[in-house]
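Novice: Quick one: structure below, then a few questions.
Chains as they are written, first to last, in our numbering: chain A, 140 to 576; chain B, 151 to 614.
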């Protein structure tokens, strides 16, 4: 008797679902997925032999399965039943705006002890989530500011039509928090950066750093104890840049790999959280096999300066990230053994340091301009040095702040040697610098 | 088409059952089953179905010829040449690109690398026809006279894509006439439900973890994470393949066939040799009967025979040197075990079991990484890694803790612990009889729910 029940119950399910497929009204559109559901394909030998026809039938059955929506909505119950969810050592810490409390003054002191200050420490306020000793900012920029950044980049593209102008903005590490409930930060980061893409004009080129990083999100792309990305994250940004620039990225295997240990960076200094300190980062980085001569330039000369290096092997401890270019310098010129006559300017904040070092494989000269500290006129550099490519390689905070966008505009006019620009550009420049004050 | 797809479950399977049982006529049933099997194959392989049909025609004719000339030199020549042609087809389609790369390394070949896709199931049906031809030559079976029946034997959708390697002698009687009763149907339903659940709810879940821990930048992995990743791959491989075999056996029962077991709780093994007596049994028996014993078995050159068989077993799994290395690894282990038997015999069972598991799990690295650079890096990582972060691992373990328990429950050989007459087993089976229909329905429902939710669902073993 039980055997009969076993068989009949199985057959009821086996025949029941197909019958329901036939009987239930057809739905053409999935509201949840915001897409049209698959249509039954028209047969053709060409489509069949290529395997497309049968694939489309599979998709049709998948899409029109009875109670599909309900079944999908019940799936999380299975995943929840596999074990304990949210078992991470997870907590959210909220920081108030600077200068509003004695605590903030203490934080300011901490900042003074840091070797590389940038707009992250300057501007950031809000919440961070600490998961298993890794700190993630709970922010994601905004499409509105993305539009403003795109406008600034487009102005450069309009002003210098003879060169290629790139936007290569890094998302925040919040885009890759490995906990499902923070997944929305991934979408928010994407949307902010897509706003840049959608608003670039005058031939400015968008390097899709987010997509490239997102494709490798299983890899830890950002430091847990520091607000920068890991060299591997910067590498994928470089790959995204190469794709948009039509050049072949150098594989990591063709570079010299090095490792530094026990890096406890800014995020620990900022949070003073013991779990963060207990999880120091290891920094693996790759040096392109290119000979270089680097010079830190002052506020006037574009030829004379102090000798510098692309990689600082001795940087360690809290300064580990300064391995790249020795940290933030106003203006650095890197001459390489790549004798192809091509020159690039990288306008960057500290996120761009780890990125810029990969470009030495493709350019005879790479000029690295720190958007905050450079006193030299960028327009003059572009014209006099016959620059081919101008890359805005910055972190999200630089791209999503009126203050830093203004600084980037100002680069083309500062130093008293600004060339003639458009009226609109001048006006917006003034607005930008005003907003900094 | 794969068994764990909605198209198969709720379109192909019901239709094939309806047509198959629409008449009691054996010829009608064989015709419908053959047509459905060909449709099943052509669904995924619209072009290479001709290769499969050609193989069936060739071996059908050769089988009759060998039987007719049995005992003569002609029979021997026909047997050898048919086996060679079958192997050449397998080599050409499966190993063509691999041979080209290796030969081209030494001599510049005047033609381009073959770019054909691997015909699905070729490794399985080639071995089936080889065993058929050799068995006729050995006069162990009689050649099938009805070409339709022979085509059905080769193309049965239950075993065509990913085995098991069914011997003709196992189902000879069932090809001509099949009796199906409630008991067999019920047993088929249970087996199929368990197999589907093993594939969808265990192998696929393990696959996500494998992807996370192994398909990543290896330098990011700590040693513990590396071991976890390869352990999950071991879980995925076993549940993927044994789940498929369970489904094949269950489906066969639904249509009146009895396939032999292909797995017997391999992770409960107490030696490497024991493991491979429990893992992919049909392949092990094929190599034993058609390679190992003809080479001399344990009578002469025993070590050489073991090594050759395992080297070939490795290559059977894939056209890459890592599979050869994997085979050689087991060949050496088998030889060592044979010579160290006196130590193993005196070792407590728990140590033997741990030793076996460790070696088996480690061997999965040779199976997973087809790139030797990655393999070397990963193996190094297993013992020493510059990264010691395990934060993600801890949360993954806690998020899967009950699932791990389920995996362990499935791996324990309950039927070996409690023999058939054991009082506990008799009582448990009796009580479970009432629950069984509902448990099976639950397994099917959960699997369906996950299939509806999933988009990525390949069978690992279809690539062999």
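No residue lacks a Cβ here, since even glycine has one placed at the ideal position from N, Cα and C.
A quick note: this is a predicted structure, and the numbers were derived from the prediction, not measured.
Mind checking the stretch 208-224 of chain A against chain B and listing, in chain order, the residues whose C-beta falls within less than 7 Å of any C-beta there?
Specialist: Residues 210, 211, 213, 214, 217, 220, 221, 222, 223, 224.
Novice: Would you please verify whether the beta carbon of residue 511 of chain A is less than 9 Å from any beta carbon of chain B?
Specialist: no
Novice: Taking residue 494 of chain A as the reference, which of A/460, A/376, A/167, A/184 has the closest Cα?
Specialist: A/376
Novice: Would you mind reading off the limits of the beta strand (DSSP E) that contains residue 473 of chain A?
Specialist: 470-475
Novice: To which residues of the same chain is residue 461 of chain B closer than 7 Å at the C-beta, ignoring the five residues directly before and after it?
Specialist: 474, 477, 478, 481
Novice: Based on the DSSP secondary-structure assignment, which residues constitute the bridge partners of residue 444 of chain A?
Specialist: A/436
Novice: For residue 309 of chain A, which of helix, strand or coil comes out of DSSP?
Specialist: Here residue 309 of chain A sits in strand by DSSP.
Novice: Kindly say whether residue 197 of chain B, judged by its beta-carbon, lies nearer than 9 Å to any beta-carbon of chain A.
Specialist: yes
Novice: Between the stretch 176-199 of chain A and chain B, which residues of the former have a C-beta closer than 7 Å to a C-beta of the latter?
Specialist: 187, 188, 190, 193, 196, 197
Novice: Is it the case that the Cβ atoms of residue 374 of chain B and residue 183 of chain B are separated by a distance below 9 Å?
Specialist: No, the pair does not count as a contact, with Cβ atoms beyond the cut-off.
Novice: Using the three-state DSSP reduction, which class does residue 401 of chain A fall into: helix, strand or coil?
Specialist: strand
Novice: Determine the chain B residues that contact residue 269 of chain A at a beta-carbon separation under 7 Å, and present them in chain order.
Specialist: Those within 7 Å of residue 269 of chain A in chain B number zero; the least Cβ separation is about 11 Å.
Novice: Quick check on the burial criterion: 16 or more other C-beta atoms within 10 angstroms. Buried or exposed for residue 135 of chain B?
Specialist: Any answer about residue 135 of chain B is impossible in this case: the structure gives chain B only from 151 up to 614.
Novice: Please determine if the stretch 298-314 of chain B and the stretch 236-249 of chain B are in contact, where contact requires at least 3 C-beta pairs separated by less than 8 Å.
Specialist: no
Novice: Give a yes or no on whether 9 Å exceeds the smallest Cβ distance from residue 395 of chain A to chain B.
Specialist: no
Novice: May I have the straight-line CA-CA distance separating residue 456 of chain A from residue 339 of chain A, to the nearest angstrom?
Specialist: 40 Å
Novice: So residue 508 of chain A is in the beta strand (DSSP E); what residue range does that whole segment cover?
Specialist: 504-509
Novice: List the residues that DSSP assigns as beta-bridge partners of residue 304 of chain A.
Specialist: A/529
Novice: Going straight from the alpha carbon of residue 210 of chain A to that of residue 457 of chain B, what length do you get?
Specialist: 50 Å
Novice: Going along the chain, which residues of its own chain have a beta-carbon closer than 6 Å to the beta-carbon of residue 485 of chain B, five neighbours each way excluded?
Specialist: Cβ within range, chain order: 453, 456.
Novice: So, is residue 448 of chain B buried or exposed, given that buried needs 16 or more other C-beta atoms within 10 angstroms?
Specialist: exposed
Novice: Check the Cβ of residue 550 of chain B against every Cβ in chain A and list those closer than 7 Å, keeping chain order.
Specialist: 221, 222
Novice: Please list the partners that residue 364 of chain A has in chain B, where partner means a Cβ-to-Cβ separation under 9 Å.
Specialist: Simply none; closest approach about 11 Å.
Novice: Is any heavy atom in the ligand SAM found nearer than 8 Å to the beta carbon of residue 201 of chain A?
Specialist: Annotation note on the ligand SAM: not contained in the displayed structure, which lists no ligands.
Novice: Rounding to the nearest angstrom, what Cα-Cα distance links residue 382 of chain A and residue 305 of chain A in this structure?
Specialist: 12 Å
Novice: What residues from the stretch 411-435 of chain A come within 7 Å of chain B, judged by C-beta to C-beta, listed N to C?
Specialist: 418, 421, 423
Novice: Find the residues of chain B that neighbour residue 146 of chain A, judging by a C-beta separation of less than 7 Å, and give them in chain order.
Specialist: 332, 335, 336, 339
Novice: Which residue from B/251, B/281, B/258, B/246 puts its Cα closest to that of residue 266 of chain B?
Specialist: B/246
Novice: Determine the contact status of residue 385 of chain B and residue 352 of chain B, defining contact as a CB-CB distance below 9 Å.
Specialist: yes
Novice: Considering only their Cβ atoms, is the gap separating residue 428 of chain B from residue 415 of chain B smaller than 9 Å?
Specialist: yes
Novice: Compute the beta-carbon to beta-carbon distance between residue 193 of chain B and residue 193 of chain A, rounded to the nearest angstrom, for a pair I have assumed lies under 8 Å.
Specialist: 5 Å
Novice: For residue 187 of chain B, collect the residues of the same chain with a Cβ closer than 6 Å to its Cβ; drop the 5 residues on either side in sequence, then sort them by chain order.
Specialist: 305, 306, 307
Novice: In its own chain, which residues sit with a C-beta less than 7 Å from the C-beta of residue 568 of chain B, not counting the 5 before and 5 after it?
Specialist: Taken in chain order, the residues that qualify are 574, 575.
Novice: So what does DSSP say about residue 213 of chain B, is it helix, strand or coil?
Specialist: helix
Novice: Along the beta strand (DSSP E) that carries residue 484 of chain A, what are the first and last residues, could you check?
Specialist: 482-487
Novice: Give the interface partners of residue 157 of chain A over in chain B, defined as CB-CB distance under 7 Å, in chain order.
Specialist: 160, 161, 164
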